[in-house]
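Mapped onto the UniProt record's numbering, the consecutive letters of the sequence shown carry residue numbers 1 to 384. Working notes for the structure below.
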Amino acid sequence: MGATSSRYIISGIGGSLLVFALTTFFASDENGPSVSGIFNLGNTCFLNSLLQGLSSCKTFFDFLAKVSVRLKSKDPNDVIVRELKAFLRFLKEGKETLRPNALVNSLSQRFPHFGQQHDSHEIFYVIQESISEVNKRPLRSLKIPDLNGMEKEENLKNPFHGLMSTEVTCSVCGHKSFTLESMFDISVTITPSLEESFKILSTEEIIDDFQCQRCSIEASLEILKDKRHFPSEIFWKKVETLRKSLERRISVDDAEIVIFRKQRASLCHKIARFPDILCIHCKWLVQGPLGYIQKSTAQMKFDLNLEIDWLMQKKLCLNPSQNTVKYELRAVIEHLGGSLGGHYLTYRLNSGVWYLCSDVDVREVFEDEVLRAQPYMLFYERVK
Numbered sequence: 001m002g003a004t005s006s007r008y009i010i011s012g013i014g015g016s017l018l019v020f021a022l023t024t025f026f027a028s029d030e031n032g033p034s035v036s037g038i039f040n041l042g043n044t045c046f047l048n049s050l051l052q053g054l055s056s057c058k059t060f061f062d063f064l065a066k067v068s069v070r071l072k073s074k075d076p077n078d079v080i081v082r083e084l085k086a087f088l089r090f091l092k093e094g095k096e097t098l099r100p101n102a103l104v105n106s107l108s109q110r111f112p113h114f115g116q117q118h119d120s121h122e123i124f125y126v127i128q129e130s131i132s133e134v135n136k137r138p139l140r141s142l143k144i145p146d147l148n149g150m151e152k153e154e155n156l157k158n159p160f161h162g163l164m165s166t167e168v169t170c171s172v173c174g175h176k177s178f179t180l181e182s183m184f185d186i187s188v189t190i191t192p193s194l195e196e197s198f199k200i201l202s203t204e205e206i207i208d209d210f211q212c213q214r215c216s217i218e219a220s221l222e223i224l225k226d227k228r229h230f231p232s233e234i235f236w237k238k239v240e241t242l243r244k245s246l247e248r249r250i251s252v253d254d255a256e257i258v259i260f261r262k263q264r265a266s267l268c269h270k271i272a273r274f275p276d277i278l279c280i281h282c283k284w285l286v287q288g289p290l291g292y293i294q295k296s297t298a299q300m301k302f303d304l305n306l307e308i309d310w311l312m313q314k315k316l317c318l319n320p321s322q323n324t325v326k327y328e329l330r331a332v333i334e335h336l337g338g339s340l341g342g343h344y345l346t347y348r349l350n351s352g353v354w355y356l357c358s359d360v361d362v363r364e365v366f367e368d369e370v371l372r373a374q375p376y377m378l379f380y381e382r383v384k
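Here's what the structure looks like:
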């Protein structure tokens, strides 16, 4: 189920010459699609496994092809995205085993110690940040009024990009506040099943020092009743601003509040906008009995299909058609070894067939082998 040969390809991309020393080592049917391997250039299995995972997601490949990169730019972000586009294009062809030299060199500009022990999740974020910079997508926390504006401003939507909602409810006055934050993945704790891990993510937490704006406004209005302590112009301006905020249920600047009240509150995380590709990061490192960080040996069940409508923050849903959330598994990155090192490999779907990719070694596998993996990262693509 494999073949070997060698040759050199010289390709001009982005104003520079990329030289790939290519040795064929791939899995395929005689006339069917193939999956290429990737050479390990020295502790680069973490990158190889991520590249296999990314290339399994058609939505990401199509998106990346549309991202505009300045061809002659030497900016590290432009260089990373340019080399990533080139490499994934070769990888998608499935003809040759590739050496990712040019991509590794570009990442070394952002990663001074690239080539030491890193992890796939770490490099995933480096790549996403570079894409965001090139695509002019800000990574920032958002207030609710920004959401509609952000939807209109997007020219090219990163399929990994979603919005995480944090809802805080004051236990005294019942006031609810929402904050939206950009996300490119979801990190979950290890439990017997992925579904259980999601439930833990959305479980309410109790916080004791929440600064409730509604309680603070009401307390400030009580103090402002004694207007002797304030000049009349300042008094009427503050009173009017605070009263309107209560009536219209809108937030005010902290500068308008005279006194702040900290109350007990509940906090809950949900998803306000699901991404087209859901990347799940499984946190296997835990604190051992003696306080040392170690890798959990537990097994976590996950499925080929994922339905998580219940995790949606429907109060903030902009598009009712998004209420149905179904995903299909595209790739699984697994880490073999302990907390101090090991090896990364990827199970990836290609044209309906699952393959195990471990650097240059590629072989076809059955679904049950995929589902027995200890997942470090999972890539689910949304079904539309």
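All C-beta atoms, glycine included, are put in the ideal place defined by N, C-alpha and C.
Q: Pick helix, strand or coil for Asp78, following the three-state DSSP scheme.
A: helix
Q: Taking all protein chains shown into account, decide if Pro192 is buried (16 or more other Cβ within 10 angstroms of its Cβ) or exposed.
A: exposed
(Q) I'd like the list of long-range same chain contacts for Ala272, defined as Cβ closer than 6 Å, with 5 residues on each side in sequence excluded. (A) Leu163, Ser165, Leu180, Gln313, Leu316
Q) Do you know offhand how far Lys199's Cα is from Asp119's? A) Lys199 and Asp119 have their C-alpha atoms spaced approximately 26 Å apart.
Q) Whole beta strand (DSSP E) runs in the stretch 46-99 with 3 or more residues, listed along the chain? A) none
Q: Can you tell me which of the three DSSP states Gln109 falls into?
A: helix
Q) What span of residues does the alpha helix (DSSP H) with Leu128 cover, start to end? A) Contrary to the premise, residue 128 reads as Gln rather than Leu in this sequence. Start and end: 120-134.
Q.
Let's test the definition: count the other Cβ atoms within 10 Å of the Cβ of Lys384 and tell me whether it reaches 16, buried, or not, exposed.
A. If you draw a 10 Å sphere on the C-beta of Lys384, you find fewer than 16 other C-beta atoms in it, and that means exposed.
Q) Between Thr189 and Val360, is the Cβ-Cβ spacing less than 8 Å? A) no
Q. By the 10 Å Cβ neighbour count, where 16 or more other Cβ atoms means buried, how is Leu22 classified, buried or exposed?
A. With a pLDDT of 37 at Leu22, under the threshold of 50, the modelled position of this residue cannot be trusted; read the value that follows with caution. It counts as buried.
Q) Cβ atoms of Gly37 and Cys357: under 8 Å apart, would you say? A) yes
(Q) With the cut-off set at 8 Å, would you say Lys270 and Leu285 are in Cβ contact? (A) no
Q) CB-CB under 8 Å to Val67, same chain, minus the five flanking residues each way: which ones, in chain order? A) Val81, Lys85, Ile131, Val134, Asn135, Leu156
Q | Check whether Ile277 and Pro100 have beta carbons under 8 Å apart | A | no
Q: List the whole-angstrom C-beta distance separating Val168 from Leu267, where the pair is believed to meet the contact cut-off of C-beta under 8 Å.
A: Contact flag correct, Cβ pair sits at about 5 Å.
Q. Just to confirm, are Leu311 and Tyr380 a CB contact at a threshold of 8 Å?
A. no
Q) Does the distance from the C-beta atom of Gln374 to that of Gln287 stay below 8 Å? A) No; because the gap between Cβ atoms is not below 8 Å, this pair is not in contact.
Q. Taking C-alpha atoms, which residue in Phe184, Lys74, Asn40, Val172 lies nearest to Leu54?
A. Relative to the Cα of Leu54, the nearest Cα in the group Phe184, Lys74, Asn40, Val172 belongs to Phe184.
Q: Using the Cα positions of Leu103 and Ile207, report the straight-line distance between them to the nearest angstrom.
A: 44 Å
Q | Candidates Ser73, Arg70, Leu64, Lys72: closest to Gln128 by CA position | A | Leu64
Q. Would you report the Cα separation of Ser216 and Arg372, rounded to the nearest angstrom?
A. 52 Å
Q.
Taking the beta strand (DSSP E) that Asp368 belongs to, which residues open and close that run?
A. Residue range 367-371 is occupied by the alpha helix (DSSP H) that includes Asp368, with no beta strand (DSSP E) assigned at that position.
Q: Determine the DSSP secondary structure at Ile308, reduced to helix, strand or coil.
A: coil
Q. Which residues mark the beginning and the end of the alpha helix (DSSP H) in which Phe184 is found?
A. Looking at the DSSP string, Phe184 is not in any alpha helix (DSSP H), and its letter there is neither H nor E.
Q. Under the three-state reduction of DSSP, which class applies to Asn350: helix, strand or coil?
A. strand
Q: Tell me Glu334's beta-bridge partners as DSSP assigns them.
A: Leu345, Pro375
**Q.** Three-way DSSP call (helix, strand, coil) for Lys157 in this model
**A.** coil
Q) Given a threshold of 16 other Cβ atoms within 10 Å of its Cβ, counted over all protein chains shown, does Phe366 qualify as buried or as exposed? A) exposed
Q. When DSSP labels each residue in this structure, what does Phe198 get in the three-state scheme?
A. Correct three-state label for Phe198: helix.
(Q) Please return the same chain residues whose Cβ sits closer than 6 Å to the Cβ of Gly14, not counting the five positions on each side in sequence. (A) The predicted model places Gly14 with a pLDDT of 30, which falls under 50 and marks its position as unreliable; any figure quoted below should be read in that light. So the qualifying residues of the chain are Leu71, Arg82.
Q | Sequence-distant residues of its chain with Cβ nearer than 7 Å to Cys45 (five each side left out) | A | His343, Tyr344, Asp359
(Q) Could you tell me the alpha carbon to alpha carbon distance between Val353 and Glu205, rounded to whole angstroms? (A) 42 Å
(Q) Measuring alpha carbon to alpha carbon, tell me which residue in Gln211, Ser202, Leu221 is nearest Ser177. (A) Gln211
Q. Excluding five sequence neighbours on each side, which residues of the same chain lie with their C-beta closer than 7 Å to the C-beta of Ser339?
A. Around Ser339: Leu285, Ile293, Gln294, Lys295.
(Q) For Gln294, list the residues DSSP reports as bridge partners. (A) Val286
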